[in-house]
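Novice: So the protein sequences, as listed, match chains A and B. Per the working numbering, the first sequence starts with residue 1, numbered consecutively. Per the working numbering, the second sequence starts with residue 1001, numbered consecutively. Quick reminder that beta carbons are idealized off the backbone N, C-alpha and C, glycines included. Keep in mind it's a predicted model, so treat the numbers as computed, not measured.
Number of protein chains: 2
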Amino acid sequence: MKQPAVSHIPETVPMQELVQLGGESRERADAARNREKVLAAASRLFAERGADHVSMDEIAAEAGVGKGTLFRRFGDRAGLAHALLDEHERDFQEQLLRGSPPLGPGAAPCERIKAFGAGRFQLLDSHHALIAAAEAGPATRRFIHPVYAAHRAHLYILAREADPEVDFEYVADVLLNSLTAEFFSYLRNGRGLSLEEIQVGFNDLVDRLLAG
Amino acid sequence: MKQPAVSHIPETVPMQELVQLGGESRERADAARNREKVLAAASRLFAERGADHVSMDEIAAEAGVGKGTLFRRFGDRAGLAHALLDEHERDFQEQLLRGSPPLGPGAAPCERIKAFGAGRFQLLDSHHALIAAAEAGPATRRFIHPVYAAHRAHLYILAREADPEVDFEYVADVLLNSLTAEFFSYLRNGRGLSLEEIQVGFNDLVDRLLAG
DNA sequence: GGAAGTAATGGACTGTGGTCCGGTTACTTC
DNA sequence: GAAGTAACCGGACCACAGTCCATTACTTCC
Chain A
1 MKQPAVSHIP ETVPMQELVQ LGGESRERAD AARNREKVLA AASRLFAERG ADHVSMDEIA
61 AEAGVGKGTL FRRFGDRAGL AHALLDEHER DFQEQLLRGS PPLGPGAAPC ERIKAFGAGR
121 FQLLDSHHAL IAAAEAGPAT RRFIHPVYAA HRAHLYILAR EADPEVDFEY VADVLLNSLT
181 AEFFSYLRNG RGLSLEEIQV GFNDLVDRLL AG
Chain B
1001 MKQPAVSHIP ETVPMQELVQ LGGESRERAD AARNREKVLA AASRLFAERG ADHVSMDEIA
1061 AEAGVGKGTL FRRFGDRAGL AHALLDEHER DFQEQLLRGS PPLGPGAAPC ERIKAFGAGR
1121 FQLLDSHHAL IAAAEAGPAT RRFIHPVYAA HRAHLYILAR EADPEVDFEY VADVLLNSLT
1181 AEFFSYLRNG RGLSLEEIQV GFNDLVDRLL AG
């Protein structure tokens, strides 16, 4: 049940280092300080008024920092949202890799996929606006993010294990596409489904897709 | 095989009438003229430079019309995109209701769903940027649009017919969610799949979901 | 054909995400 | 401790989506 060397989730690390492949030079002290100030400010404002309803200008102002600094650090709105979610995302990843079944290793693949779904729904339920912000942005940007790659690899492997006949790649993407913030909030608010109903639907989806 | 009174697709009709439920008062002559001018201008510019890469200001200018007029007519960018797609959408709807099998009535439900997918992929292939624009916009707006409702009702009924045991509602939404412009372009450009490969994947999805 | 009433117009205006760059500050080297 | 340099800073700036409302153009009714 070894996972492949799924690139670990960075994202407390500034965007630049993530990009310029060798994050060798250490982060300057003032930069680190400012990053913390921004994260704290964003966290505060988001908690107060909801992740939508807060502009980037306001976050910069609240943090006592220029707008340029904000964007230099986090790239864009989605990047900031990702950084704020980082802790939860690490937790989740940790549970996937080393947690107890059915989320962690040990359970049947289908059960692990359902547990993955349940975990995501839980996260969506408590951090919906933030995750929506992280997934937003031009076109297919979110698919490029290492978090997406990690989730995809996880589901890919489990799907293959559950049913070697299936098109793992496509199935993994379809499953993830059913776990987006946008789709979730449509089911929840647009269709009025409860968290449980959504989970039941997803579980049924998994069973049918990987009936083996 | 009668469809329920699926609200027909309007959308050459201005947004207002769509909303204020009784489109009684006729459209003024200058308004109609301007609408045509805008549609023509948008069509031209989109064809020239791609649907992204054209701002609303430019469309208004090209049409020789004020910005206010543009937005009054079409509500927002997505509304304009919908209006431009209207003809194709009507065509498609017509084929669903009265065309020949497997897209139209007469074929087995699973085959009709696959044909629906094939039709959407075809449209996505030739009008991708436009459809993406129509589906864009804040949060879950696109789910409210009558076109979504019509597609959903169609799939809902076919899914029920194919497999009465399945959760039709959820399945219909999952299927539609696998036919979005965003997901399509991810599979296409992000994963490098061909049109055919995507169709095969979707067909397999349908078979597995509605195995009966 | 003209007056009154109403719908449509257009462009200035606002708010927002994101970029740019001259000036500043923190580390490094000697 | 001074000088050099690369990274960082902030806020002015830009483009763009969408709003507002005083003015204009159509329609209708006499």
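Which chain A residues sit within Cβ distance under 8 Å of ALA1204 (chain B)?
Specialist: One point to set straight first is that residue 1204 (chain B) is Asp, not Ala, in the sequence displayed. Residues of chain A passing the Cβ test: VAL166, ASP167 and TYR170.
Novice: On the CB-based measure, 16 or more other CB atoms within 10 Å of its CB, does GLY192 (chain A) come out buried or exposed?
Specialist: Per the 10 Å Cβ criterion, exposed.
Novice: Can you pull the chain A residues whose beta carbon is under 7 Å from the beta carbon of PHE1092 (chain B), in chain order?
Specialist: Residues of chain A passing the Cβ test: none, with the nearest at roughly 22 Å.
Novice: Can you look up ALA107 (chain A) in the DSSP assignment and give me helix, strand or coil?
Specialist: Of the three classes helix, strand and coil, the one that applies to ALA107 (chain A) here is strand, per DSSP.
Novice: At the 9 Å Cβ level, is ALA1078 (chain B) part of the contact set with chain A, yes or no?
Specialist: Closer than 9 Å: no.
Novice: For HIS1154 (chain B), tell me which candidate among B:ALA1083, B:GLU1048, B:ASN1189 and B:PRO1105 has the shortest Cα-Cα distance.
Specialist: Among B:ALA1083, B:GLU1048, B:ASN1189 and B:PRO1105, the Cα nearest to that of HIS1154 (chain B) belongs to B:PRO1105.
Novice: Taking LEU1130 (chain B) and ALA1051 (chain B) to be in contact with their CB atoms under 8 Å, please state how far apart those CB atoms are, rounded to whole angstroms.
Specialist: So it is a contact: roughly 5 Å between Cβ atoms.
Novice: Between GLY117 (chain A) and chain B, is any beta-carbon pair separated by less than 9 Å?
Specialist: Chain B, which has no Cβ nearer than 9 Å to the Cβ of GLY117 (chain A), makes this no.
Novice: At what residues does the alpha helix (DSSP H) containing TYR1156 (chain B) begin and finish?
Specialist: That run of the alpha helix (DSSP H) goes 1146-1162.
Novice: Indicate whether at least one CB of chain A lies closer than 9 Å to the CB of ILE1157 (chain B).
Specialist: For ILE1157 (chain B), the answer is no, since every Cβ of chain A falls outside 9 Å of its Cβ.
Novice: Taking buried to mean at least 16 other C-beta atoms within 10 Å of its own C-beta, is ILE198 (chain A) buried or exposed?
Specialist: So ILE198 (chain A) counts as buried.
Novice: So ASP57 (chain A) contacts chain B; which residues on that side make the cut at Cβ distance below 9 Å?
Specialist: The premise fails here: ASP57 (chain A) is roughly 19 Å from chain B at the closest Cβ pair, so nothing lies under 9 Å.
Novice: With 8 Å as the C-beta to C-beta threshold (strictly closer), list the residues of the stretch 127-152 of chain A near chain B in chain order.
Specialist: Hits within the stretch, in order: ALA132, ALA139, THR140, PHE143 and ILE144.
Novice: Which residue wins for smallest C-alpha separation from TYR186 (chain A), given the options B:SER1043, B:PRO1101, B:PRO1138 and B:SER1194?
Specialist: Comparing Cα-Cα distances from TYR186 (chain A) to each of B:SER1043, B:PRO1101, B:PRO1138 and B:SER1194, the minimum goes to B:PRO1138.
Novice: Grouping DSSP H, G and I as helix and E and B as strand, with all else coil, what is VAL1065 (chain B)?
Specialist: DSSP places VAL1065 (chain B) in coil when its eight states are reduced to three.
Novice: Using a C-beta cutoff of 9 Å, does ASP173 (chain A) count as contacting chain B?
Specialist: True, the Cβ-Cβ gap to chain B drops below 9 Å.
Novice: To which residues of the same chain is GLU169 (chain A) closer than 7 Å at the C-beta, ignoring the five residues directly before and after it?
Specialist: Hits under 7 Å: TYR156.
Novice: From what residue to what residue does the alpha helix (DSSP H) around TYR1186 (chain B) run?
Specialist: Taken as a continuous stretch (DSSP letters only), TYR1186 (chain B) belongs to no alpha helix (DSSP H), as it is neither H nor E.
Novice: Given ALA32 (chain A), which residues of its chain have a CB within under 6 Å of its CB, disregarding the five upstream and five downstream residues?
Specialist: Result list for ALA32 (chain A): empty, nothing under 6 Å.
Novice: With 16 other CB atoms within 10 Å as the buried threshold, where does ILE1144 (chain B) fall?
Specialist: That one is exposed.
Novice: Which residues in the same chain as LEU205 (chain A) place their Cβ atom closer than 8 Å to its Cβ, once the five residues preceding and following it in sequence are excluded?
Specialist: So the qualifying residues of the chain are LEU175 and SER178.
Novice: Candidates A:SER194, A:ALA108, A:GLY75 and A:ARG141: which alpha carbon is nearest ALA162 (chain A)'s?
Specialist: When only C-alpha atoms are compared, the closest one is A:ALA108.
Novice: Have a look at A:ALA134, A:GLY99 and A:ALA136 and flag the residue whose alpha-carbon is nearest the alpha-carbon of GLY119 (chain A).
Specialist: Per the Cα distances, A:GLY99.
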